[in-house]
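Novice: So the protein sequences, as listed, match chains S and P. Residue numbers for the first sequence, in my numbering: 400 to 767. Residue numbers for the second sequence, in my numbering: 400 to 767. Here a beta-carbon is modelled for each residue, glycine too, at the ideal position from N, C-alpha and C. All figures in this text were calculated on a predicted structure; none of them were measured in a lab. Supplied in structure tokens, the structure appears directly below.
There are 2 protein chains.
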Amino acid sequence: MVEEESLATITDVAKRAGVSPVTVSRVLNGVPTVNPATRDRVEQAIKALGYVPNVAARSLRSKRTRSLALVLPDITNTFWTTVARGVEDAAQSHGYAVFLCNTDENLAKQRRYLDLVVSQQVDGVIIAPCDSDAGNLAVLRDREIATVVIDRRIEGWEVDTVCGDSLAGARALVQHLISLGHRQIAIISGPANTSTAEDRLTGYYAALTEADIAPDPRLVLRGEFRVASGEQLTSQMLDAGVRPTAIFAANNAIALGVIDALEKRGLRIPQEMALICFDDFPQASRLFPFLTVVVQPAYEMGMNAAQLLLRRLDTAEPPAPRHIVLPTQLIIRYSCGSRLHDARYSLFSLPLPKPPETQVVSEVCPTD
Amino acid sequence: MVEEESLATITDVAKRAGVSPVTVSRVLNGVPTVNPATRDRVEQAIKALGYVPNVAARSLRSKRTRSLALVLPDITNTFWTTVARGVEDAAQSHGYAVFLCNTDENLAKQRRYLDLVVSQQVDGVIIAPCDSDAGNLAVLRDREIATVVIDRRIEGWEVDTVCGDSLAGARALVQHLISLGHRQIAIISGPANTSTAEDRLTGYYAALTEADIAPDPRLVLRGEFRVASGEQLTSQMLDAGVRPTAIFAANNAIALGVIDALEKRGLRIPQEMALICFDDFPQASRLFPFLTVVVQPAYEMGMNAAQLLLRRLDTAEPPAPRHIVLPTQLIIRYSCGSRLHDARYSLFSLPLPKPPETQVVSEVCPTD
DNA sequence: TTGTAAGCGTTATCAT
DNA sequence: ATGATAACGCTTACAA
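Printed below as a string of structure tokens:
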């Protein structure tokens with residue numbers, strides 16, 4: 400049903416419909432002041448010729464490409480792929496295409512991708528930056544490219560931000576351990592120049608302080624948000640004779656490394672070493688029926704970021720930057736007989752100094 | 400160091416360097432017939448102005464966008480994210496950007512993405528199609544968009560293809576079970592209209608036949624390549640009183656569903672039910688120290704597909720379509736005392752009818 | 001409601 | 001080795 404000789408242009412459609420190219424353009428862009436009959440003829444011509452607008456020409460003229468870039472640190476982590484799906488769904492429903500860029504937490508790769516993104520003239524960028532230094536995002540700021548920072552805050556640039564509540568999540572996790580009687584709790588966190596690593600550390604300290612437990616510097620370890628880093632730091636700690644009763648892994652990749660190190664040493668989880676972490680695993684309740692985690696609303700984070708960005712692109716004069724902090728959920732896994740249970744609690748931000756009795760606010764909804 | 404008033408164009412660079420825009424274009428495109436001194440001046444001007452070429456203008460004129468689309472069925476599966484990284488690395492090293500499109504094994508989504516991809520005028524497409532019907536890829540064929548099909552073969556269109564050797568892999572997996580004494584082996588495969596599901600089923604039958612085991616239709620189940628499907632089919636089978644001694648999951652997502660169903664019924668793996676599957680899990684040796692799998696070279700598949708595509712884009716008159724089948728590896732996991740071991744065997748394609756004694760050809764390389 | 005004219009930034013072609 | 005000119009397909013501004 401599609402006749403093609405070379406590739407139909409707007410002029411071909413115009414000729415076939417007996418109108419001028421401008422009218423076709425109006426139909427394509429949904430301009431209301433077009434005679435319905437004319438619109439019909441144009442639409443038929445479009446269908447008959449299998450016409451598809453040429454985005455290059457369109458964006459050369461209109462200065463918009465209808466494309467976004469999503470720059471992520473680790474495409475193999477399901478947390479990030481879930482974020483990506485949120486962004487994708489929001490973008491697709493608005494007719495935007497998404498370039499997915501994987502930096503591997505590597506600043507050089509991030510820089511290369513940002514250059515690419517600039518030359519591709521994307522309309523906007525959603526980025527989880529490798530670190531909190533705004534200087535590394537200078538290209539975006541200087542060229543005034545609409546940007547939303549996701550998951551991690553940035554220092555020195557007032558820009559839209561969508562994050563999970565790392566502080567409340569970390570505090571709730573550590574409080575959970577404390578409520579189970581643990582007092583020697585190690586934390587294996589991420590790099591010092593990422594806000595998520597910082598916040599989770601702050602939450603850890605807050606929970607300890609609130610329970611009158613003096614922090615032990617030997618139990619505070621920092622590396623990267625990677626499996627290998629979690630494995631290495633755990634091994635170092637254990638090999639140095641430091642033996643906490645519980646470990647808080649600052650994300651799921653680190654937790655995998657911790658599991659690795661513990662299993663190599665024959666330490667059973669949770670009997671000989673309790674483990675909690677940020678970000679869940681798919682199928683976690685079957686694979687790790689013991690694991691208490693804080694999950695962030697990854698899909699919603701992606702969707703929110705994309706919507707924020709798209710709204711900004713639509714409005715001519717954008718409002719002041721917004722900082723969105725999405726609440727997290729605490730999932731406590733336990734077995735009752737042979738049944739596995741997930742108890743879920745929504746976490747709300749509470750002031751740091753001296754919080755009320757309980758941080759676990761909302762209501763339980765067991766899964767299966 | 401970057402002076403900007405609006406946004407530098409090729410003309411601004413030309414003025415600053417005291418040459419014509421054409422010369423700047425020549426420098427940008429690496430045309431050799433440019434005086435080195437001129438080239439220097441131009442390059443300095445580019446740097447001074449922070450000039451970045453406008454891809455829209457460039458592709459409007461040159462008919463090339465230097466972008467590819469990668470269309471995948473499940474971005475949450477590490478197999479596919481690994482493929483994506485292979486494609487990305489190859490593309491980036493050639494200066495191409497990649498649009499990642501996630502179809503969720505959903506034909507409607509696939510169609511929408513292909514339309515988007517066409518209007519974005521990408522130079523080429525790498526696609527793992529939802530099914531083997533070439534009709535669903537008609538847009539690509541009709542518009543003569545350079546295409547590489549990955550992971551799954553297509554019926555009715557002669558097009559470049561990069562796949563793993565599902566047949567040899569499936570056969571080796573089932574042979575492994577048989578060598579352990581299993582004779583009631585169930586298979587939970589994917590949809591009938593995907594070549595991977597078909598090939599793995601064929602390999603399953605081949606191994607049974609070669610061992611003089613009559614296939615039992617109640618043990619052959621087909622659904623989708625998804626966790627939920629694996630869970631559901633396993634549950635159905637078990638609830639119907641069908642009780643094999645081993646299950647072959649046709650991919651890793653299905654295997655997760657099988658694990659789910661087995662655990663719900665208190666069946667221990669591998670003591671009460673052996674399990675094998677196609678495609679590995681990250682950290683599998685720790686999480687599933689019992690699991691024997693066939694891994695496909697996902698990264699290489701992506702890289703090969705991208706290289707094939709890029710080569711085709713470079714050469715004016717492309718040669719006949721190529722079909723690449725990459726060999727797979729069998730990984731047998733076992734514990735020796737408290738140590739875990741991975742024994743790896745490379746698998747080579749063998750003729751179907753009556754293969755020689757052993758399918759396991761290459762040499763063992765234990766991991767840790 | 002529709003059309004005319006101009007131009008977005010680059011590269012192909014031809015000329016020097 | 002370099003430049004002048006036109007054209008890619010579309011949308012904006014203005015005119016009718």
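#1: Buried or exposed, going by whether 16 or more other CB atoms sit within 10 Å of the CB of I646 (chain S)?
#2: Closest Cβ-Cβ distance between H439 (chain S) and chain P: below 8 Å?
#3: Can you name the residues of chain S whose CB is closer than 7 Å to the CB of A496 (chain P)?
#4: Who are the Cβ neighbours of V561 (chain P) in its own chain at under 6 Å, not counting the five residues just before and after it?
#5: Could you compute how far the alpha carbon of V760 (chain P) sits from the alpha carbon of S578 (chain P)?
#6: Take L545 (chain S) and list the residues in its own chain whose beta-carbon comes closer than 8 Å to its own, dropping the five residues that flank it on each side.
#7: Please go through the stretch 436-505 of chain S and give each complete alpha helix (DSSP H) segment of 4 or more residues, from N-terminal end onward.
#8: Taking Cβ to Cβ, would you say L576 (chain S) is nearer than 8 Å to I474 (chain S)?
#9: Could you give the residue range of the alpha helix (DSSP H) that holds T601 (chain S)?
#10: Please state the DSSP three-state secondary structure of V693 (chain S).
#11: Got a sec? Which residues, its chain only, sit under 6 Å from A660 (chain P) by beta carbon, not counting five neighbours each side?
#12: Consult DSSP for T410 (chain S) and reduce its assignment to one of helix, strand or coil.
#13: Ignore the nearest five residues each way along the sequence and tell me which others in Y604 (chain S)'s own chain have a CB closer than 8 Å to its CB.
#14: What residues in the stretch 675-701 of chain P have a beta carbon less than 8 Å from any beta carbon of chain S?
#15: Pull up the CB-CB distance for L467 (chain P) and A483 (chain P), whole angstroms please, since I reckon it's below 8 Å.
#16: Identify the contact partners of E487 (chain S) in chain P, using a Cβ-Cβ distance below 7 Å as the criterion.
#17: Closer than 8 Å by C-beta to N505 (chain S): which residues in its own chain qualify, once you throw out the five before and the five after it? Chain order, please.
#18: With a CB to CB cut of under 8 Å and the five nearest residues on each side skipped, what residues in its chain are close to L725 (chain P)?
#19: Could you check whether the Cβ of A654 (chain S) sits closer than 8 Å to any Cβ belonging to chain P?
#20: Can you check which of these residues, P:E557, P:L746 and P:T644, is closest to L666 (chain P) by C-alpha distance?
#21: Is it a yes or a no for the stretch 483-492 of chain S touching the stretch 454-466 of chain P, going by three-plus beta-carbon pairs under 8 Å?
#22: Counting only Cβ pairs nearer than 8 Å, list the residues of chain P close to S458 (chain S).
#23: Against chain P, does A413 (chain S) count as a neighbour if the rule is that its beta carbon must be under 8 Å from one of theirs?
#24: Of all the CB atoms in chain P, is at least one closer than 8 Å to the CB of T464 (chain S)?
#25: Would you mind telling me which residues of chain P sit closer than 8 Å to P726 (chain S), beta carbon to beta carbon, in chain order?
#26: Quick one: list the residues of chain S neighbouring V451 (chain P), beta-carbon separation under 7 Å, in chain order.
#27: Are S518 (chain P) and V426 (chain S) touching if we call contact CB-CB under 8 Å?
#28: Could you round the C-beta distance between L729 (chain S) and A571 (chain S) to whole angstroms and report it? I think they count as a contact, below 8 Å.
#29: By the 7 Å beta-carbon criterion, what residues does the stretch 421-435 of chain P contribute toward chain S?
#30: Measure from the C-beta of A444 (chain P) to each C-beta in chain S and report whether the shortest distance is under 8 Å.
#31: Any idea which residues DSSP pairs Q728 (chain S) with across the strands?
#32: Quick one, which of S:R664, S:I653 and S:Q706 has its alpha-carbon nearest Q682 (chain P)'s?
#33: Consult DSSP for E554 (chain S) and reduce its assignment to one of helix, strand or coil.
#34: Determine the closest residue to L471 (chain S) out of S:S588, S:G417 and S:F624, with distance taken between C-alpha atoms.
#35: Does Y495 (chain S) pass the burial test, meaning 16 or more other C-beta atoms within 10 Å, or should it be called exposed?
#36: Should D659 (chain P) be flagged as near chain S, meaning a C-beta pair shorter than 8 Å?
Specialist: In terms of the structure at hand:
#1: Classification for I646 (chain S): buried.
#2: Strictly speaking, residue 439 (chain S) in this sequence is Asp, with His absent from that position. Taking Cβ atoms only, chain P never reaches closer than 8 Å to D439 (chain S), which makes this a no.
#3: F498, L515 and Q519
#4: I549, M700, N703, A704 and I723
#5: Only weak support is given to the placement of V760 (chain P): the predicted model assigns it a pLDDT of 31, under 50, and the value that follows is read from those uncertain coordinates. When rounded, the distance between both Cα atoms is 16 Å.
#6: For clarity, residue 545 (chain S) is Ala in the given sequence; the question names Leu instead. Contacts found: D522, G523, V524, L708, R711, L712 and P717.
#7: Segments of the alpha helix (DSSP H) lying fully in the stretch 436-505 of chain S: 454-461 and 477-492.
#8: no
#9: S594 to E609
#10: strand
#11: E630, T633 and S634
#12: helix
#13: P614
#14: Across the stretch 675-701 of chain P, CB contacts with chain S closer than 8 Å involve P681, Q682, R685 and L686, in sequence order along the chain.
#15: So it is not a contact: roughly 11 Å between Cβ atoms.
#16: From the beta-carbon of E487 (chain S), the residues of chain P found nearer than 7 Å are N501.
#17: C529
#18: V561, C562, G563, D564, Q695, P696, E699, M700 and N703, listed in sequence order.
#19: No, its Cβ sits nowhere closer than 8 Å to a Cβ of chain P.
#20: P:T644
#21: Contact fails: fewer than three Cβ-Cβ distances are below 8 Å.
#22: A455
#23: no
#24: yes
#25: Here the premise fails: no neighbours, minimum Cβ distance about 23 Å.
#26: V517 and S518
#27: no
#28: Sure, about 5 Å apart at Cβ, within 8 Å.
#29: Near chain S, meaning a CB-to-CB distance below 7 Å, no residue of the stretch 421-435 of chain P qualifies.
#30: no
#31: According to DSSP, which records beta bridges pairwise, Q728 (chain S) is partnered with S:V694 and S:S745.
#32: S:I653
#33: strand
#34: Ranked by Cα distance from L471 (chain S), the first of S:S588, S:G417 and S:F624 is S:F624.
#35: buried
#36: yes
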